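Student: Below you'll find the structure I mean.
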Amino acid sequence: MGRKLLSREAIARAYVAKAAYNHPLTRTTIHDLSTTPNLRRICGFERIADIPSESTFSRAFAEFAASDLGAKVHEALVEDC
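If you're matching positions, the sequence shown starts at 200 in our numbering and goes up one per residue.
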């Protein structure tokens with residue numbers, strides 16, 4: 200049994216935020232999620248305790264990069280404009 204889909208969606212939103220804020224390190228994104236309630240909630244993490252570990256983020260971010268998620272999100276945003 201893996202993580203709930205909601206958590207995966209929140210991690211995907213954090214992946215987009217990492218790119219949007221040009222964070223060089225996953226740790227930087229996690230710090231911002233921990234200290235910025237609005238960003239945390241936009242991504243889908245209600246509480247600080249809901250933010251996954253750095254290793255969980257790293258594994259998910261590697262999967263997202265391999266699936267070209269960033270390009271797909273960018274393409275979808277451009278289409279909406």
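No residue lacks a Cβ here, since even glycine has one placed at the ideal position from N, Cα and C. A quick note: this is a predicted structure, and the numbers were derived from the prediction, not measured.
Is it true that the CB of P251 sits closer than 8 Å to the CB of E210?
Tutor: Here residue 210 is taken as the residue at index 11 of the sequence shown, counted from 1. Here residue 251 is taken as the residue at index 52 of the sequence shown, counted from 1. It should be pointed out that residue 210 corresponds to Ile in this sequence rather than to Glu. Cβ distance < 8 Å, so I210 and P251 count as in contact.
Student: Using a Cβ-Cβ cutoff of less than 7 Å, which residues in the same chain neighbour A216 once the five nearest sequence positions on both sides are dropped?
Tutor: Numbered from 1 along the sequence shown, position 17 holds the residue referred to as residue 216. Closer than 7 Å at Cβ, skipping near neighbours: T228, L238, C242.
Student: Starting from the C-beta of F263, find all residues in its chain whose C-beta is less than 6 Å away, skip the five residues before and the five after it, and write them out in chain order.
Tutor: Here residue 263 corresponds to residue number 64 of the sequence shown, with the count starting at 1. So the list reads Y214, once near-sequence residues are dropped.
Student: Suppose contacts are defined by Cβ-Cβ distances below 8 Å. Is T234 in contact with S257 by that definition?
Tutor: Mapped onto the sequence shown, residue 234 falls at position 35. Mapped onto the sequence shown, residue 257 falls at position 58. Their beta carbons are not under 8 Å apart, which means T234 does not touch S257 by this criterion.
Student: How is R226 classed by DSSP in three states: helix, strand or coil?
Tutor: Working through the sequence shown from its first residue, we reach residue 226 at position 27. Helix, per DSSP.
Student: What would DSSP say about T234, mapped onto helix, strand or coil?
Tutor: In the sequence shown, the residue the question calls residue 234 occupies position 35. Of the three classes helix, strand and coil, the one that applies to T234 here is helix, per DSSP.
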